[in-house]
Each structure stands twice: as C-alpha cells, then as structure tokens.
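Numbers in my numbering are just positions in the sequence shown, counted from 1, shifted up by 40.
Cβ coordinates follow ideal geometry from the N, Cα and C atoms, glycine included.
Comments concern the structure below.
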Amino acid sequence: MAPDYGKTFAHWRAGAATAWQDYTHHAFVEGLGDGSLPRTAFLHYLIQDYVYLVHYARAWSLAVVKAETLEEMKICARTVDALVNHEMSLHVETCAAEGIDEATLFAAPEAVENLAYTRFVMDAGVQGDFLDLMAALAPCVMGYGEIGLRLAGSKAPDTPYAAWIATYADPKYQAVCARVGAMIDAAVARRVGDLPQSPRAAALQDRFTKATKLEVGFWQMGLDGA
C-alpha cells in the first residue's frame, strides 16, 4: 500500500500508474534493496544526483517566490534547507569515502538525462504557477519517500546501500513528504477547488507524469554508468 502523502498526490500517482511503477520499481531501485547494484553505478548516480539536487533546491527556492501564503513560503523554505543542509550531506559523505570531494561533485558535468529533468522542473516554475511547479517537484519528493519505506521493509540484511535506504525511510524524511503533500492539497483547494473537476487537471497531471518519466530516465542513467 502506498503511503499517505495527501489527496492530490494520490490522484496524480494514480494518473501516472504505469510510469510510477516503472519509477519506483526500476532495476536500479531493486538493486539498492537486494545489494546487487554495481558500486560504479551507484557512485555515478550519486554524483549526478548531487548536481541534480543543486538545481532541485533552486526550484524549491523559486517556489518561495511563487507562493501565495506565508505557510507555503515556510514549507518551501524548510524543504530547501532539508535538501541543501541534510540530504546532500549523504552524497558528500559517501563520495568522500570513495575519494571524491565536494568541489568535484559541484563541478561534475551534467548527464543529458539530468539536464533534461532539471530544466523541465525549472521551466515548470518559470513558465507556470505554484501548482505547475508542485506537479513537477512532487515525484521526486514523494517517490523517494515511497521507495525508502518499501525497501526498508524488504531489503537484504547485507545490502551496502542500507544508509541510502534509511535516509528516505527515516521518519524525518517521511514527515517532509507528508508536510509537502498537505501543502499541495491546501494549495489546490485555494487555487482551483476540486482538482478532478478543474480545467487545469489534465495539464497538471501531464506535468506530474512527465516528471515521473524523467525519474525513470534518471535511474537508467545511473544504471548505465556501471
């Protein structure tokens, strides 16, 4: 059963069912759980994910600008803090153990899949409004939460990726998912009322689904780096 991250997320998730399954059960993800993922693939992904998170944090910063309420601003700002000061530290620590310092991470050239995803998200925020941006941002936040919870309950005892799994299964990260989900529900109610009946429903679903497909491409990029 999927975790409860709010009504809007559940609606978007159901609307992207095939892509969501491909994303949350990708071979890269399963390799994290059973420990079979090649270390080279994981490090390639981790370096690219660090670069991704730099842009992802910028997109959440843009959400502060797009926000209409103080509560939205607070939650978006807290999310930026969680990304920059907490989640990225996992990448730095893991890569440091492999001889890759933070300066190298920050300067790493972006893979095409990374470039496509991050610019898609930024374009959603620049071109659209707060809801467009949330639809593009949500797959990453909620998807990692869902993946982390599932793998925490099924991972191999000796998987070398236990720390990665624990990061996203952690109650603090799950609280971020729930908080963002509740904020999105409130934002939808404030701006369009009943989402399924809104003229904007199809366009927002399309943004969410495309972002989910780009997540699939990101996992494959990591796997291809083995």
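Coil, strand or helix - Pro236 by DSSP: As a working mapping, residue 236 is identified with position 196 in the sequence shown. It is helical.
Terminal residues of the alpha helix (DSSP H) in which Asn154 lies: The residue labelled residue 154 in the question sits at position 114 within the sequence shown. Counted as a single uninterrupted DSSP element, the alpha helix (DSSP H) harbouring Asn154 occupies residues Val152 to Gln167.
Proximity of His131 and Leu191 at Cβ, strictly below 8 Å: Numbered from 1 along the sequence shown, position 91 holds the residue referred to as residue 131. Numbered from 1 along the sequence shown, position 151 holds the residue referred to as residue 191. Here His131 is not near Leu191, since their CB atoms are 8 Å or more apart.
For Tyr201, three-class secondary structure by DSSP: What you label residue 201 is simply residue 161 of the sequence shown in a count that begins at 1. The answer is coil: DSSP assigns Tyr201 none of H, G, I, E or B.
Assigned secondary structure, Tyr45 (DSSP; H/G/I helix, E/B strand, else coil): In the sequence shown, the residue the question calls residue 45 occupies position 5. It is coil, neither helix nor strand.
Of the listed residues Thr48, Asp44, Pro43 and Tyr96, nearest to Leu244 (C-alpha basis): Taking the first residue of the sequence shown as 1, we reach residue 244 at position 204. Looking at Thr48, Asp44, Pro43 and Tyr96, the one whose alpha-carbon comes closest to that of Leu244 is Thr48.
Candidates Ala229, Val228 and Trp204: closest to His126 by CA position: The count along the sequence shown starts at 1 and reaches residue 126 at position 86. Looking at Ala229, Val228 and Trp204, the one whose alpha-carbon comes closest to that of His126 is Trp204.
Boundaries of the alpha helix (DSSP H) in which Leu77 is found, first to last residue: As a first step, residue 77 is located in the sequence shown; it is residue number 37 there, counting from the start. Looking at the DSSP string, Leu77 is not in any alpha helix (DSSP H), and its letter there is neither H nor E.
Residue from Gln260, His84, Thr158 and Leu189 whose Cα sits closest to the Cα of Ala176: Taking the sequence shown and counting its residues from 1, one reaches residue 176 at position 136. Closest in alpha carbon position to Ala176, among Gln260, His84, Thr158 and Leu189, is Thr158.
Beta carbon of Ala178 nearer than 8 Å to that of Ile224: Translated into positions along the sequence shown, residue 178 becomes position 138. Translated into positions along the sequence shown, residue 224 becomes position 184. By the CB criterion at 8 Å, Ala178 and Ile224 fall inside the cutoff.
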